[in-house]
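Student: Heads up: the sequence shown is residues 6 to 387, going by this note's numbering.
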Amino acid sequence: LPKRLVEIRNDQMDVRLVETDALDSVVCYAALSHVWGDPATSAPFLVTTEETLRDRLQTIEFQDLPLTFRDAIRLSAALGITYIWIDSLCIIQDSKSDWASEAPRMCTIYTNATLTIAATCATTAHHGFLERTASDFPPTRIYCRISMSQNTIPGYLYLIPMNTHWGYDDVTMELEGSVWNGRGWTFQERVLSRRILHFIKDKWIFECQNGNASEDNRPPGSFFNRMPWLGGEMGSGKASLSANDLLDNYREAVQAYTGRALTRVSDRLAAFSGVIQRISDLTGEANIAGLWRSRLPQDLLWYTYPQIPSSRKPKTPRAPSWSWVAWDGQIGYHYNRDMMHTVIEVLDLGELSSAYIPGEGALKIRGHLVPLTRIELDEHRI
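1. Just tell me which of Ala275, Thr54, Leu94 and Val184 has its CA closest to the CA of Phe67.
2. If you draw a straight line from the alpha carbon of Leu352 to that of Lys208, how long is it in whole angstroms?
3. Taking three-plus beta-carbon pairs below 8 Å as touching, is the segment 196-216 in contact with the segment 246-256?
4. Can you list, in chain order, the stretches of the alpha helix (DSSP H) that have 4 or more residues and sit fully within the segment 279-364?
5. Pick out whichever of Gly42, Leu6, Ile13 and Ala291 has its Cα sitting closest to the Cα of Ser30.
6. Can you list, in chain order, the residues of its chain whose CB lies under 6 Å from that of Thr145, leaving out five sequence neighbours each side?
7. Measuring straight from C-alpha to C-alpha, what distance separates Gly240 and Asp304?
8. Can you list, in chain order, the residues of its chain whose CB lies under 7 Å from that of Ile201, leaving out five sequence neighbours each side?
9. In whole angstroms, what separates the C-alpha of Val11 from that of Ala258?
10. For Pro376, count neighbouring Cβ atoms within 10 angstroms of its own Cβ and tell me buried if that reaches 16, exposed if not.
11. So, with DSSP's three-state summary, where would you put Ile114?
12. Consult DSSP for Asn15 and reduce its assignment to one of helix, strand or coil.
13. Please look up how many angstroms separate the CB atoms of Thr125 and Ile205, rounded, as I've assumed it's under 8 Å.
14. Please report whether the beta-carbon of Arg188 lies at a distance below 8 Å from any beta-carbon of chain C.
15. Classify Trp41 as helix, strand or coil using the three-state DSSP reduction.
16. Using only the alpha-carbon positions, how far apart do Ala130 and Asp76 sit?
17. Could you please give me the residues that DSSP links to Trp209 through a beta bridge?
18. Under 8 Å, do Gly133 and Leu72 count as touching if we go by C-beta distance?
19. Name the two residues that bound the continuous beta strand (DSSP E) containing Ser102.
20. Note down, in chain order, each residue of its chain lying with its Cβ closer than 6 Å to the Cβ of Leu135, except the 5 sequence neighbours on either side.
21. Just checking my contact of Arg21 with Arg61 at CB under 8 Å: how many whole Å lie between their CB atoms?
22. Threshold first: 3 residues or longer. Then list the beta strand (DSSP E) segments lying entirely within the segment 46-107, N to C.
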């Protein structure tokens with residue numbers, strides 16, 4: 006269980022924060038995945054600090070919470086789930102030690118949640134996601150029998166509001182193209198969740214390890230970022246793919262994740278650490294600064310996109326220069342397992358502390374040297 010949860014004590018939305026080590030038994034809980042909003046333009050919202058922790062453990066005024074939190078609590082209660090994890094309430098926001106304790110739990114927080122509630126349509130914590138107008142209601146599917154020549158076949162009719170457009174790509178764009186889906190932290194929240202319920206503008210979308218569906222009984226057309234290979238069998242610690250395939254697919258996850266935005270670029274590794282921990286648990290492999298120790302030669306074949314303005318090396322180092330974590334912006338890989346032959350040998354790799362110190366993690370390798378000045382590979386440069 007997470008260290009803290011929000012407890013919903015009755016249908017009057019009487020809520021408070023609880024320390025889970027004080028609970029008599031293991032409980033089911035929901036988890037909220039949401040966008041905080043740009044701190045420069047969004048209004049502040051209720052969080053837990055060292056000063057307010059004692060008060061939060063007594064009670065939390067429901068109306069003081071931002072609308073997205075209130076909607077999530079209402080939904081959780083309606084589903085009979087009386088505990089919910091909300092990041093800004095359950096982690097002490099001004100405590101470095103509490104953050105250091107809870108950040109490594111992100112993998113299990115979302116993996117163990119009974120349901121992840123994704124406020125996919127909300128662009129700030131104040132936006133909410135449950136309210137709809139009449140024109141927002143999804144199409145209604147009606148079963149019917151259609152006469153064709155001499156035969157009558159079963160089929161469906163869809164009733165939609167007048168003057169609205171309804172296309173197969175709408176759901177995909179509203180989910181995959183949402184602000185929520187473009188944020189760095191929500192990547193691992195989505196791929197680690199066993200069950201996730203998205204709320205887009207006019208419908209909900211349900212995803213789990215075994216399939217997906219939308220409120221209008223039509224599955225979305227694209228689930229690229231879902232990456233079900235990471236989940237394995239529901240309720241088990243077994244992977245759905247071999248260790249080699251998992252580690253190969255990890256690069257796909259890195260490429261998708263690094264194309265997303267982070268409010269604090271220093272979170273580059275932390276916001277992806279749950280994915281790394283999950284793969285490590287499934288394979289038993291060790292990860293060093295975002296690269297797998299057992300296949301370090303292959304994982305070193307990453308590159309940046311120089312035409313993307315955000316692709317740059319920050320002034321303050323946060324990882325060894327040979328790691329993609331050391332750079333901002335999206336990265337890619339020059340790698341094909343079927344066409345690759347390793348010609349280098351890793352001789353030594355220095356230790357890394359949890360808080361990176363410049364100069365740590367010196368990498369020593371042996372291999373052939375090829376003189377070159379610059380190579381142009383399509384739009385990529387080395």
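Using N, Cα and C, we set each Cβ at its ideal position, and we do this for glycine too.
Tutor: Looking at the atomic coordinates:
1. Here residue 67 refers to the residue found at position 62 of the sequence shown. Minimum Cα-Cα distance from Phe67 among the listed residues Ala275, Thr54, Leu94 and Val184 corresponds to Leu94.
2. The residue given as residue 352 occupies position 347 in the sequence shown. The residue given as residue 208 occupies position 203 in the sequence shown. One C-alpha to the other measures close to 55 Å.
3. no
4. Listed in chain order, they are 301-304.
5. As a position in the sequence shown, residue 30 is number 25, starting the count at 1. Measuring from the Cα of Ser30, the nearest candidate turns out to be Leu6.
6. Locating residue 145 in the sequence shown gives position 140, where the first residue counts as 1. The residues are Leu164.
7. For the purposes of this step, residue 240 is taken as residue 235 along the sequence shown, with counting starting at 1. For the purposes of this step, residue 304 is taken as residue 299 along the sequence shown, with counting starting at 1. With a pLDDT of only 41 at Gly240, under the threshold of 50, the placement of this residue in the model should not be trusted; the figure read from the coordinates follows. Taking the straight line from one Cα to the other gives about 30 Å.
8. On the sequence shown, residue 201 is found 196 positions in, with the first residue counted as 1. Within the same chain, Ile201 has close Cβ partners Thr121, Ala123, Arg195 and Glu212.
9. As a working mapping, residue 11 is identified with position 6 in the sequence shown. As a working mapping, residue 258 is identified with position 253 in the sequence shown. When rounded, the distance between both Cα atoms is 31 Å.
10. Indexing the sequence shown from 1 puts residue 376 at position 371. So Pro376 counts as exposed.
11. Sequence index remark: in the sequence shown, residue 114 carries index 109 (1-based). Of the three classes helix, strand and coil, the one that applies to Ile114 here is helix, per DSSP.
12. Translated into positions along the sequence shown, residue 15 becomes position 10. Here Asn15 sits in coil by DSSP.
13. Along the sequence shown, read from residue 1 onward, the residue named residue 125 stands at position 120. Along the sequence shown, read from residue 1 onward, the residue named residue 205 stands at position 200. Indeed, because the Cβ distance is near 5 Å, the residues count as touching under 8 Å.
14. The chain inventory of the structure shown lacks chain C, comprising one protein chain alone.
15. Working through the sequence shown from its first residue, we reach residue 41 at position 36. In this structure, DSSP gives Trp41 a state outside helix and strand, which the three-state scheme calls coil.
16. Counting from one through the sequence shown, the residue named residue 130 turns up at place 125. Counting from one through the sequence shown, the residue named residue 76 turns up at place 71. Approximately 10 Å, taken between the alpha carbons.
17. Taking the first residue of the sequence shown as 1, we reach residue 209 at position 204. Trp209 pairs with Phe204.
18. Translated into the one-based positions of the sequence shown, residue 133 becomes position 128. Translated into the one-based positions of the sequence shown, residue 72 becomes position 67. Cβ distance < 8 Å, so Gly133 and Leu72 count as in contact.
19. Taking the first residue of the sequence shown as position 1, residue 102 is located at position 97. Taken as a continuous stretch (DSSP letters only), Ser102 belongs to no beta strand (DSSP E), being part of the alpha helix (DSSP H) at Lys101 to Glu107.
20. Sequence index remark: in the sequence shown, residue 135 carries index 130 (1-based). Cβ neighbours of Leu135 beyond the five flanking positions: Asp76.
21. In the sequence shown, the residue the question calls residue 21 occupies position 16. In the sequence shown, the residue the question calls residue 61 occupies position 56. Yes, Arg21 and Arg61 are in contact; Cβ-Cβ is about 7 Å, under 8 Å.
22. 88-90
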